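Engineer: Handing you a structure now.
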Amino acid sequence: MCEYTAKDYKKGQPRWCPGCGDHFFLASLHKAMAEIGKAPWENAVISGIGCSSRLPYYMNTYAMQTIHGRAAAISTGAKVANPNLTVWQISGDGDGLAIGGNHFIHAVRRNIDLNMILLNNRIYGLTKGQYSPTSPRGFVSKSSPYGTVEDPFHPAELCFGARGRFFARAVATDAPGTVEILKAAMAHKGASVCEILQNCVIFNNGTHDSVAKKEDRAKNAIYLKHGEPMLFGENNEYGLMQEGFGLKVVKLGENGITEKDILIHDAHCMDNTLQLKLALMEGPDFPIALGVIRDVEAPTYDDAVHEQIEEVSAKKKYHNFEELLMTNDTWEVK
């Protein structure tokens, strides 16, 4: 039985627009923390700047809203300085992938033991509706009145390109799915990237409508679970098979296809080729992949730093500054 409840992690009155996806995610984070069971003071929630970055104010944990785009840098410092802390880094798609993009990829590359949450609504909300690094080509916004001529980042592609060891995705309105990946991120030792698909009711309403509602999610999304066949649909009537170097959607029962023909999800495979293909699937031709897509083990930066400090310190003749000054000849200058 859990010692803590979601209420133990709550603080303050959230100030977001009614219907904002941040409300849904905040409730899921409170619930996940309670189920994980770590005391509030064993957690640190660190954010940058943006609508989603107000989240630390509503956490009864160690919490900091910091500098625009620098949540990963400050989270790194907190984790290395206090390895016993569970650090939750909160960023939006603008804060995390534009001004903070460099910090994001290097935190992933270093494999620092951080839970890196990317709240993706494909818009800058706090600054009133400019296109973001994840806005699709042609997106009309305050800063692209005739449609953006840029292609967007895929957060999964950035994570995998930086040699990421953990990537998961959930929809903010799907509380059980969100709680599940947050708990998996916590259990993973190393940089855990969780992309949360959420809505901005004011500036980009409906951006994830194909999977936001439960009734649509069954046909437009696929929940991936390690070791289980990749099936989706209201009655799991569809599945994924390999076709050449790609994937294809098939219907069970057609052309003699059975569940035995369907690919089995392997989140622990070191080769990320298939995992990346899954992460990049988009509608209408493919379902959007949800759940833990990649989860492999590797040495972490923070562990390596502390091991190196201990190893070097053990070989040193002098273990502190006072010993260095007082061991050999000394002189008093008058």
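In terms of our numbering, the sequence shown has 70 at position 25, counting the first letter as 1, and numbering is strictly consecutive. Glycine residues also receive a C-beta, built at the ideal position from the N, C-alpha and C atoms. Since we're looking at a predicted model, the values are computed, not measured.
#1: Thinking just about the alpha-carbon of each residue, which of PHE366, LYS83 and CYS96 is nearest to the one in ASP61?
#2: Whole angstroms are fine: how far does the CA of ASN265 sit from the CA of SER255?
#3: Using the three-state DSSP reduction, which class does PHE184 fall into: helix, strand or coil?
#4: Could you tell me the alpha carbon to alpha carbon distance between VAL185 and ASN249, rounded to whole angstroms?
#5: If you check the beta carbons only, do SER92 and THR121 fall under 8 Å apart?
#6: Could you give the uninterrupted runs of the beta strand (DSSP E) lying entirely in the segment 185-262, keeping only those of 3 residues or more?
#7: Would you mind working out which of GLY235, GLY209, MET104 and LEU285 sits nearest ASP53, comparing C-alpha positions?
#8: From the DSSP output, in three-state form, read off ASN165 for me.
#9: Quick one: complete alpha helix (DSSP H) runs, 4+ long, within the segment 313-378?
#10: Taking the alpha helix (DSSP H) that GLU80 falls in, what are its first and last residues?
#11: State yes or no: is the beta carbon of HIS68 nearer than 8 Å to at least one beta carbon in chain D?
#12: Less than 8 Å between C-beta atoms, sequence neighbours within five positions excluded: which residues of the same chain meet that for ASN129?
#13: PHE277 bridges to which residues according to DSSP?
#14: Judging by CA-CA distance, which residue of ILE338, THR179, ALA51 and LEU297 is the nearest neighbour of ASN281?
#15: Beta-carbon within less than 6 Å of GLU240's beta-carbon, same chain only, minus the 5 sequence neighbours each way: which residues are those?
#16: Who does LEU142 pair with in a DSSP beta bridge?
#17: Any idea which residues DSSP pairs ILE267 with across the strands?
#18: Can you look up ILE135 in the DSSP assignment and give me helix, strand or coil?
#19: Is the CB-CB distance between VAL238 and GLY206 below 8 Å?
Structural biologist: Taking the definition as stated:
#1: For clarity, residue 61 is Trp in the given sequence; the question names Asp instead. Of PHE366, LYS83 and CYS96, the residue nearest in Cα terms is CYS96.
#2: Spanning the alpha carbons of SER255 and ASN265 requires a straight line of approximately 6 Å.
#3: Note: PHE184 maps to coil in three-state DSSP.
#4: Separation of VAL185 and ASN249 (C-alpha to C-alpha, rounded to the nearest whole angstrom) is 10 Å.
#5: Contact: no.
#6: Whole beta strand (DSSP E) segments, 3+ residues: 211-216 and 237-242.
#7: For the residues GLY235, GLY209, MET104 and LEU285, the minimum Cα distance to ASP53 belongs to MET104.
#8: It is a strand residue.
#9: If you keep only unbroken alpha helix (DSSP H) runs of at least 4 residues inside the segment 313-378, you get 318-324, 346-360 and 366-371.
#10: Going by DSSP, GLU80 is part of the alpha helix (DSSP H) stretching over 66-81.
#11: The structure shown contains no chain D; it is built from a single protein chain.
#12: Result list for ASN129: GLU87, in chain order.
#13: DSSP lists TYR283 as partners of PHE277.
#14: When each option's Cα is compared against that of ASN281, the closest is LEU297.
#15: In chain order, LEU163, ASN165, PRO200 and ARG214 place their CB closer than 6 Å to the CB of GLU240, counting only its own chain and leaving out the 5 sequence neighbours on each side.
#16: Within the DSSP secondary-structure output, LEU142 pairs in no beta bridge.
#17: Note: ILE267 sits in a beta bridge opposite ALA334.
#18: DSSP places ILE135 in strand when its eight states are reduced to three.
#19: No, the Cβ-Cβ distance between VAL238 and GLY206 is not below 8 Å.
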